[in-house]
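Chains as they are written, first to last, in this note's numbering: chain V, 1 to 330; chain P, 1 to 330; chain L, 1 to 330; chain Z, 1 to 330.
Scroll down for the structure; my scribbles are underneath it.
4 protein chains.
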Amino acid sequence: MKINVGIYGASGYAGLELIKILESHPQMDVIHAASNSFAGESYRGVRFIPVESLNPATVDLVFLCTPHGASAPLAEQALDAGARAVDLSADLRLKTTEQYTQWYHAEHPAPHLLPTEYGLPEFNRDNIKNQDCIANPGCYPTTTLLGLLPLAQAEGIRAGAALVVDAKSGVSGAGRKPKLGTHFVEVFGDFKPYNIGRVHRHVGEIEQELKAVNPTLGSLIFSPHLLPIDRGLLATCYVPLVDGWTLDTVRQCLEDTYKDEPLITVLQDGQTATIKDVARTYGAVLSVHPATDDTVIVVSALDNLLKGASSQAIQNANLMFNLPETMGLL
Amino acid sequence: MKINVGIYGASGYAGLELIKILESHPQMDVIHAASNSFAGESYRGVRFIPVESLNPATVDLVFLCTPHGASAPLAEQALDAGARAVDLSADLRLKTTEQYTQWYHAEHPAPHLLPTEYGLPEFNRDNIKNQDCIANPGCYPTTTLLGLLPLAQAEGIRAGAALVVDAKSGVSGAGRKPKLGTHFVEVFGDFKPYNIGRVHRHVGEIEQELKAVNPTLGSLIFSPHLLPIDRGLLATCYVPLVDGWTLDTVRQCLEDTYKDEPLITVLQDGQTATIKDVARTYGAVLSVHPATDDTVIVVSALDNLLKGASSQAIQNANLMFNLPETMGLL
Amino acid sequence: MKINVGIYGASGYAGLELIKILESHPQMDVIHAASNSFAGESYRGVRFIPVESLNPATVDLVFLCTPHGASAPLAEQALDAGARAVDLSADLRLKTTEQYTQWYHAEHPAPHLLPTEYGLPEFNRDNIKNQDCIANPGCYPTTTLLGLLPLAQAEGIRAGAALVVDAKSGVSGAGRKPKLGTHFVEVFGDFKPYNIGRVHRHVGEIEQELKAVNPTLGSLIFSPHLLPIDRGLLATCYVPLVDGWTLDTVRQCLEDTYKDEPLITVLQDGQTATIKDVARTYGAVLSVHPATDDTVIVVSALDNLLKGASSQAIQNANLMFNLPETMGLL
Amino acid sequence: MKINVGIYGASGYAGLELIKILESHPQMDVIHAASNSFAGESYRGVRFIPVESLNPATVDLVFLCTPHGASAPLAEQALDAGARAVDLSADLRLKTTEQYTQWYHAEHPAPHLLPTEYGLPEFNRDNIKNQDCIANPGCYPTTTLLGLLPLAQAEGIRAGAALVVDAKSGVSGAGRKPKLGTHFVEVFGDFKPYNIGRVHRHVGEIEQELKAVNPTLGSLIFSPHLLPIDRGLLATCYVPLVDGWTLDTVRQCLEDTYKDEPLITVLQDGQTATIKDVARTYGAVLSVHPATDDTVIVVSALDNLLKGASSQAIQNANLMFNLPETMGLL
């Protein structure tokens, strides 16, 4: 008996990737894919239906690729109907309604779902297993946390010191809805920072997860930039170290953390993570570089639509149904 | 006394280029730039106003960068108010309302303006001079006609034979309005034919001009393709020759036609026109290549926003006001 | 017992793709990968060795991703050592030494290997089976022949009429060796025709295969263009029809030809083949479009490194060893 | 009497830009352009000659677009012959031979030319005037210094605190010589850090200039990245402030510094510098953004080939000959 899957927001880039990945998943079948704007059209043999036509009682699991604000109510409805839910939006990532309102400037649409387990399997897989509902992390948070969370846990990051994360994302991170800012002619040949400093919504999510393991950490300074490529995300993280930590300690910490992780690669000394290493893959790649005596640079890269969204959602779904975490991915 | 200029549709790519070119035009000043979608915003010091706020009685000349259907009524209104008009849309390019309806599937919005002089200065400058209203040619027609019109005039093209023009355009040719088909992620890494055969609207315009000088010509087969670059247009034209014509005759014909044209370059034997030759320039570049005994290839390239739209509109405006044709361009 | 594979020229783009595809081939193992320029470096766990270190007696099959001129002698050496060979270069594609000299301006390096079976499996699989040596077709020829060969076989193409094929290829078609013409800065934002008319070497190969099935065909006019993307190849083919043939006959002919071919897709009426349809896939996509009463347009697209090179080489190798043709590909 | 100009290394990207800019310079004429690799070829009507054919005694001024190591000896030779020199290489930027050897791992090729005045006109124009020889700044240093030098001079940067500069450059910054790292196929779709931390050669140059005006500054952490575009450079600078300084102080300081500078634009609050603002322009654009209480972000962008190389060289040359600094540029 396969797991019957429904996808809301299926015609967005994350939804399309889910359809593609699940084609070869041995235990999951996409039986419904909802998209109001593409209803009636098809992708790889899957026909889009209107959102209201997707009855969650007919599926075992829904993936929510809908915008924040719209996702949590759909999660609620799915859970009520007896299905499980992986929410790829931001609705369930922050632990409290106060945080949600602070970063998303709106009332939380389904407060009683909070807190939801955070779906970063490499750090939280025991709590994800058998859950009914998971908050799939954002693309920037996944990239940043894979680089910094091991160091924060091991208390290698200098207390109180600002953490600078300079991040660059391909345009698919901005979604599939046409806007002037994602018009080919506007982006071609350009490169630009946006929402830099502490204004991007992912700041709250990244800080929440980092401070959960080490409350002494200083403020995150987070600068996203729009790269003129379709996909891929790379974060250059400037890490102030506690006394006694060095480049080698950092590398050792990352290597120890990820030595049994099939999807995370820590590059050897002298190698540098790049977008080409990760585009169209389910994994993340990290590299470590010396800066000054008390600062190292960690570069973290992944595909924003895969490990930064859809393939990570599959990892979570596998865990929720007690399947091997990388089923359908390796 | 400078010529006061108003631009309708000023926030589109052609409008923006006009603003930029006219900055350094010694005899023209943009005093009004209308754009409903960008009203209140500015470009290079020019502030966009709503279309209804642009009173044509306050200007000497309007450039219409508005869509077909909307342009001709604005031209009419401008002429009534005593201003002159260069229409960059397709509204006034076809000589009859029947042709317009055939290709644009709508009633002509201002029939009594037809026929309007066709603003291809290299072939029609005597008739453009001192006119009140000019139809600025399309980007594909300009590219194609610069390559084929001299040969058609000289009766070098084989009567009745199909003329294949395989054309490729940068994305700005599709306009600035965001659509899925011009979303960066959709276009990046792609290349695609569209409206190929005899369905693109420019087929009517190109055939009209070619057959005006040589009614014996065969059908045009015209295949536009979308190039994943921001600007530039290149047409590869397969020209069946009459008996007695050869590669050398073709080259000589083009060289003779353009020898005194400052904006048109015929490359030497062995050179090939490319987009890089013409992007961000006001000119067109042609090259000639052998194919078979009775067929040569003419490659024609220009910047779709400049010689294919805005700088050609300036050539026309200069002629209409009896100024040197390339004023502000050279 | 797996088939032991050696790759010559393994660090070029075709070689790298072979390594990647063969990773998951159930019956083939890459045990040696030779590259003088990258000897000592690795790709996906495969270490490059110098060419002279690859002893063909130690493998069952070699793929030759070496340049023309260098490939045939290596094929000869492999055959002498008891291995089989798939030559991805042009050395063995033309049937006679005269043709080779005409198009490659050199003496043929291994005349007694001619003629070799041409490795276009969709048309020649019966003759490829159990062969020791196969000539893998060029990327442009594969694209063109998939579109035109069915029509030539069915005698749908007008005798003696020129066949215009306007083709566009991503930059990887030019190889991995750095040259000014493939420098990022030179290609970015550009688009250019090269070797157009009847001078590109693939003209000989395409005509040979077309005329083998229909000697009445006219001359090929073939115009390759360099697309500013990494991979993908699209050919727009202008097909003059015999009396009685129409768009529907052409579509039917292609659909009949490919109805059981897992790697070839004929799009429905109204759809158009694009590079995005085929990039990073093992298949080809065809679409058919009306032009004039006696001419139709066939668009053919594939990935130049896969169906245009490496995955087609795997199809051939599978046939040579009597394995299912798409093993490792589907 | 015009100034006769010779260019060494004229076929590189900086050299080509010099030829283009000087076409319309009212007081300078390029009479010789030397390039061994392109000798005999032409660019915009200028014919390249071999380096040894450029006799510096025949010109008034040479621009050295040659690699470091080769440039200083040519500067020396030009000065000996009575010509003046603007060196666009790194040979004369560092003040001492020790620094040169530290960063370039070679003996300085012309020690007695040190120290040379540093050609950042906005900060050093009084000392550049009437000089015979000027060291034209690097592209990364120009970008970074335009953003940070005013703050360092005004003592607004916290003493001893690390300065993080995360910089991104178009591929032309890597030169025109074909290499695998600049091959179109390798760069397309990629984005990568290189020489990050404190290993890029420009670290020494930037620190030299910053510490010259404020020796209390901490270490520079400098991370260049390769952008998949042809031109443009953007640096995201994280600036730790002294007590009492705020976002407003920083903005005021930059606005005061540049209020009369025609080539430097400080954007208003809420605007962000981007590559599109500066590509193909002679200017630089700066924007200021809040981060934390004691850190602001300064974004600085320019065209690496123009303000980052060739047009800045023209500013310097104008000053050397007592011409208006922006002659030929505005």
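Glycine included, each C-beta is placed from N, C-alpha and C at the ideal position.
Practice task
Could I get the ranges of all uninterrupted beta strand (DSSP E) runs contained in the stretch 82 to 129 of chain P, with 3 residues as the minimum, in chain order?
Solution key: With a minimum length of 3 residues, the continuous beta strand (DSSP E) runs that stay inside the stretch 82 to 129 of chain P are 84 to 87.
Problem - Nearest-angstrom Cα separation, counted from H105(L) out to I21(L) - result: For the purposes of this step, residue 21(L) is taken as residue 21 along the third sequence, with counting starting at 1. For the purposes of this step, residue 105(L) is taken as residue 105 along the third sequence, with counting starting at 1. Going by the C-alpha atoms only, they are around 34 Å apart.
Practice task
Kindly indicate if chain L contains any beta-carbon less than 9 Å away from that of F321(P).
Solution key: The count along the second sequence starts at 1 and reaches residue 321(P) at position 321. Not a single C-beta of chain L is nearer than 9 Å to the C-beta of F321(P).
Exercise for the section: Could you work out which residues of chain V lie near D230(P), taking near to mean beta carbons separated by less than 8 Å? Expected result: The count along the second sequence starts at 1 and reaches residue 230(P) at position 230. Result: F184, V185, F188 and G189.
Exercise for the section: Please report how far the alpha carbon of Q77(V) lies from the alpha carbon of G15(V), in whole angstroms. Expected result: Start at 1 with the first residue of the first sequence, and residue 77(V) comes out as number 77. Start at 1 with the first residue of the first sequence, and residue 15(V) comes out as number 15. The C-alpha of G15(V) is placed about 19 Å away from the C-alpha of Q77(V).
Exercise for the section: Measure the alpha-carbon distance for D260(V) versus R231(Z) and round it to whole angstroms. Expected result: Here residue 260(V) refers to the residue found at position 260 of the first sequence. Here residue 231(Z) refers to the residue found at position 231 of the fourth sequence. One C-alpha to the other measures close to 41 Å.
Handout entry: Range of the contiguous alpha helix (DSSP H) that encloses C133(Z)
Key = On the fourth sequence, residue 133(Z) is found 133 positions in, with the first residue counted as 1. C133(Z) -> not in any alpha helix (DSSP H); beta strand (DSSP E) instead, spanning C133 to A135.
Problem - Residues near N333(V) in its chain [Cβ-Cβ closer than 7 Å; skip 5 each side] - result: Examination of residue 333(V) is not possible in this model, given that chain V is present from 1 through 330 alone.
Handout entry: Alpha carbon of T216(Z) to alpha carbon of L149(Z), nearest angstrom
Key = As a first step, residue 216(Z) must be located in the fourth sequence, where it is residue number 216. As a first step, residue 149(Z) must be located in the fourth sequence, where it is residue number 149. The C-alpha of T216(Z) lies about 13 Å from the C-alpha of L149(Z).
Practice task
From the DSSP output, in three-state form, read off F321(Z) for me.
Solution key: On the fourth sequence, residue 321(Z) is found 321 positions in, with the first residue counted as 1. Coil.
Problem - Range covered by the alpha helix (DSSP H) that runs through Y140(L) - result: Counting from 1 along the third sequence, the entry for residue 140(L) is found at position 140. Here the alpha helix (DSSP H) through Y140(L) covers C139 to Q153.
Handout entry: Contact the stretch 271 to 291 of chain V vs the stretch 200 to 211 of chain Z: 3+ CB pairs below 8 Å
Key = When Cβ pairs closer than 8 Å are counted between the two stretches, the stretch 271 to 291 of chain V is seen not to touch the stretch 200 to 211 of chain Z, the count staying below three.
Handout entry: Residue-chain proximity (P215(V), chain Z), Cβ-Cβ < 9 Å
Key = Within the first sequence, residue 215(V) is the residue found at index 215, counting from 1. No, its Cβ sits nowhere closer than 9 Å to a Cβ of chain Z.
Handout entry: Three-state secondary structure (DSSP) of A212(V)
Key = Within the first sequence, residue 212(V) is the residue found at index 212, counting from 1. In the structure shown, A212(V) sits in a helix (DSSP, three-state: H, G or I).
Handout entry: N-terminal and C-terminal residue of the beta strand (DSSP E) that P262(Z) is part of
Key = Along the fourth sequence, read from residue 1 onward, the residue named residue 262(Z) stands at position 262. For P262(Z), there is no enclosing beta strand (DSSP E), as DSSP marks it with neither H nor E.
Exercise for the section: In the DSSP assignment, find the alpha helix (DSSP H) that holds G15(L) and state where it starts and stops. Expected result: Within the third sequence, the letter at position 15 stands for residue 15(L). Taken as a continuous stretch (DSSP letters only), the alpha helix (DSSP H) holding G15(L) covers Y13 to L22.
Exercise for the section: Report back the beta-carbon spacing between C139(P) and L113(P) to the nearest angstrom; my notes put them in contact at under 8 Å. Expected result: Residue mapping note: residue 139(P) aligns to position 139 of the second sequence, counting from 1. Residue mapping note: residue 113(P) aligns to position 113 of the second sequence, counting from 1. With a beta-carbon spacing of about 22 Å, C139(P) and L113(P) fall beyond the 8 Å limit used to define contacts.
Practice task
Quick one: residues in its chain with C-beta nearer than 7 Å to the C-beta of P351(V), no 5 flanking neighbours on either side, listed in chain order?
Solution key: Nothing can be reported for residue 351(V): it is not among the residues displayed for chain V, which extend from 1 to 330.
Problem - Contacting residues, own chain, Cβ-Cβ under 6 Å from R176(Z) (five flanking each side not counted) - result: As a first step, residue 176(Z) must be located in the fourth sequence, where it is residue number 176. For R176(Z), where only same-chain residues beyond five positions count, the Cβ hits under 6 Å are G12 and Y13.
Practice task
Pick out whichever of G308(L), G173(L) and V239(L) has its Cα sitting closest to the Cα of T155(L).
Solution key: The residue given as residue 155(L) occupies position 155 in the third sequence. For clarity, residue 155(L) is Glu in the given sequence; the question names Thr instead. Minimum Cα distance to E155(L) is reached at V239(L).
Practice task
Can you tell me the Cβ-Cβ gap for L88(L) and F123(L), rounded? I've got them flagged as a contact below 8 Å.
Solution key: Taking the third sequence and counting its residues from 1, one reaches residue 88(L) at position 88. Taking the third sequence and counting its residues from 1, one reaches residue 123(L) at position 123. That pair is no contact at about 18 Å.
Problem - Distance cut-off 8 Å: G197(V) Cβ against heavy atoms of the ligand PLP - result: Absence of the ligand PLP from the depicted structure is noted, as is the absence of any ligand whatsoever, leaving it without description.
Exercise for the section: Measure from the alpha carbon of K129(V) to the alpha carbon of each residue in S169(V), T326(V), L319(V) and G328(V), then state which is nearest. Expected result: The residue you call residue 129(V) lines up with position 129 of the first sequence. Taking only the C-alpha atoms, the option nearest K129(V) is L319(V).
Practice task
Sort V5(P), A33(P) and S169(P) by Cα distance to L61(P) and report the nearest one.
Solution key: Stepping through the second sequence from its first residue, residue 61(P) is reached at position 61. Of the listed residues, the one whose Cα sits closest to L61(P) is V5(P).
Exercise for the section: Could you check the C-alpha separation between A75(Z) and G69(Z) for me, to the nearest Å? Expected result: Position 75 of the fourth sequence, counting from 1, holds the residue named residue 75(Z). Position 69 of the fourth sequence, counting from 1, holds the residue named residue 69(Z). Cα to Cα, A75(Z) sits roughly 11 Å from G69(Z).
Exercise for the section: Would you mind telling me which residues of chain B sit closer than 8 Å to Y13(Z), beta carbon to beta carbon, in chain order? Expected result: No chain B appears in the structure shown, which is made up of the protein chains V, P, L and Z.
Exercise for the section: Would you verify that the beta carbon of D132(Z) is, or is not, closer than 9 Å to some beta carbon of chain V? Expected result: Against the fourth sequence, residue 132(Z) aligns to sequence position 132. D132(Z) does not count as touching chain V.
Practice task
Output, in chain order, the set of chain L residues within a Cβ distance shorter than 8 Å of S172(Z).
Solution key: On the fourth sequence, residue 172(Z) is found 172 positions in, with the first residue counted as 1. Those are V185, listed as they occur along chain L.
Problem - Below-9 Å beta-carbon distance, L234(P) vs any chain L residue - result: Translated into positions along the second sequence, residue 234(P) becomes position 234. Residue-level contact check: L234(P) touches chain L, since one or more beta carbons of chain L fall below 9 Å from its beta carbon.
Exercise for the section: Could you spell out where the beta strand (DSSP E) holding D277(V) opens and where it closes? Expected result: Counted from its first residue, the first sequence places residue 277(V) at position 277. Element bounds for D277(V): not the beta strand (DSSP E) but the alpha helix (DSSP H), I275 to V278.
Practice task
Return helix, strand or coil for A70(P), following the three-state DSSP convention.
Solution key: Within the second sequence, the letter at position 70 stands for residue 70(P). Correct three-state label for A70(P): coil.
Practice task
Flag K129(Z) as yes if its beta-carbon sits less than 9 Å from any beta-carbon of chain V, otherwise no.
Solution key: Along the fourth sequence, read from residue 1 onward, the residue named residue 129(Z) stands at position 129. So, not an interface residue.
Problem - Span of the alpha helix (DSSP H), counted from its first residue to its last, around F184(P) - result: In the second sequence, residue 184(P) corresponds to position 184, counting from 1. Annotation for F184(P): the continuous alpha helix (DSSP H) segment containing it runs F184 to V187.
Practice task
Report the neighbours of P73(P) on chain V: residues whose CB is nearer than 8 Å to its CB, in chain order.
Solution key: Here residue 73(P) refers to the residue found at position 73 of the second sequence. The premise fails here: P73(P) is roughly 27 Å from chain V at the closest Cβ pair, so nothing lies under 8 Å.
Handout entry: the stretch 284 to 303 of chain P contacting the stretch 26 to 40 of chain L, beta-carbon criterion three pairs below 8 Å
Key = With the rule of 3 Cβ pairs closer than 8 Å, the stretch 284 to 303 of chain P does not count as touching the stretch 26 to 40 of chain L.
Problem - For L79(V) and A85(V), believed in contact at Cβ under 8 Å, the rounded distance - result: Numbered from 1 along the first sequence, position 85 holds the residue referred to as residue 85(V). Numbered from 1 along the first sequence, position 79 holds the residue referred to as residue 79(V). Yes, they are in contact, since the Cβ atoms of A85(V) and L79(V) sit about 6 Å apart, within 8 Å.
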